[in-house]
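Note sheet for the following structure.
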Amino acid sequence: MKKRRSFFAYLFWAVLIVGGGTYLLRSFFPKGKTIEKSDLESAAATPTPVFNKEGEVTFVKKGQPFKKIEVEIAENEAERDKGLMFRSYLPDSVGMLFIFEQPDNHSFWMKNTSIPLDIIYVGPDKKIISIAENTQPYSEESIPPYGLVQYVVEVNAGFTKQNNIQSGDVISF
Numbered sequence: 001m002k003k004r005r006s007f008f009a010y011l012f013w014a015v016l017i018v019g020g021g022t023y024l025l026r027s028f029f030p031k032g033k034t035i036e037k038s039d040l041e042s043a044a045a046t047p048t049p050v051f052n053k054e055g056e057v058t059f060v061k062k063g064q065p066f067k068k069i070e071v072e073i074a075e076n077e078a079e080r081d082k083g084l085m086f087r088s089y090l091p092d093s094v095g096m097l098f099i100f101e102q103p104d105n106h107s108f109w110m111k112n113t114s115i116p117l118d119i120i121y122v123g124p125d126k127k128i129i130s131i132a133e134n135t136q137p138y139s140e141e142s143i144p145p146y147g148l149v150q151y152v153v154e155v156n157a158g159f160t161k162q163n164n165i166q167s168g169d170v171i172s173f
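Under the UniProt record's numbering, the residue at position 9 of the sequence shown is numbered 9, and the numbers go up by one with no gaps.
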């Protein structure tokens, strides 16, 4: 009788541990997104990039600088294509500045980007045209600007609201 009770106790704990582990693992994946085997293999094969300061962007409102961030700069096609993909963390007051040769309707997406971002679209005059706040991680949906842009700044989701950054403000770098 004691052996039978001991067996059921072990079985109970094993089921509890496996079930709890499964529940915890589910919380690491976005809801509504099916994780494909190729996604897992790609993520495992890609090392997590580390932030490398390449410059600074200052936000200016009515001629007065009010917020400065450190940025990585994406100024060629390969760097722009990769952007902030495969990052599991982005420190506060840090972002990425995308520089395009010509103003155009440069749309962005969040494929392979695991952190939500604010995407700040900036015209050739360095004036903020539009902001896409709190973008959905892993989304392949196009996120267009509302006008021709030559620069884009990506920062952590909530950054623009927290720092009162709005369309019409200006950036300098």
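Note that beta-carbon positions come from the ideal geometry of N, C-alpha and C, so glycine has one too.
Helix, strand or coil at residue i according to DSSP, with G and I counted as helix
i: Ile129; result: strand
i: Glu79; result: helix
i: Lys61; result: strand
i: Gln102; result: strand
i: Lys161; result: helix
i: Gly32; result: With a pLDDT of only 49 at Gly32, under the threshold of 50, the placement of this residue in the model should not be trusted; the figure read from the coordinates follows. It is coil, neither helix nor strand.
i: Ile17; result: helix
i: Ile115; result: coil
i: Met121; result: Per the sequence presented here, residue 121 reads as Tyr, with Met not at that position. Correct three-state label for Tyr121: strand.
i: Val50; result: coil
i: Asn134; result: coil
Where residue i falls, given that 16 or more other Cβ within 10 Å makes a residue buried
i: Ile128; result: buried
i: Ile69; result: buried
i: Thr58; result: exposed
i: Phe66; result: exposed
i: Phe121; result: According to the sequence shown, residue 121 is Tyr rather than Phe. Counting Cβ neighbours within 10 Å, Tyr121 comes out buried, since at least 16 surround it.
i: Ala78; result: exposed
i: Asp81; result: exposed
i: Ile17; result: exposed
Residues near residue i by beta carbon distance below 6 Å, same chain, minus five either side
i: Pro124; result: Pro103, Gln150
i: Pro144; result: Ser107
i: Lys126; result: Val170, Ile171
i: Met85; result: Asn112, Thr113
Per DSSP, cross-strand counterpart(s) of residue i
i: Phe108; result: Ile143
i: Tyr89; result: Per DSSP, none; premise fails for Tyr89.
i: Ser172; result: Thr58
i: Leu148; result: Paired residue(s): none; Leu148 is not in a bridge.
Sequence-distant residues of its chain with Cβ nearer than 7 Å to residue i (five each side left out)
i: Gly32; result: Reliability fails at Gly32, whose pLDDT of 49 lies under 50, so the model's placement of it is uncertain and the value that follows must be treated cautiously. Excluding sequence neighbours, Gly32 sits near nothing in its chain.
i: residue 178; result: The requested residue 178 is not part of the displayed model; the chain covers only 1 to 173.
i: Asp92; result: Asn156
i: Glu54; result: Val71, Glu72, Ile73
i: Glu141; result: Trp109
i: Asp169; result: Phe59, Val60, Lys61, Ile128
i: Gln162; result: none
Close Cβ partners of residue i (< 8 Å) along its chain, the five nearest in sequence each way excluded
i: Tyr146; result: Tyr121, Ile129, Ser130
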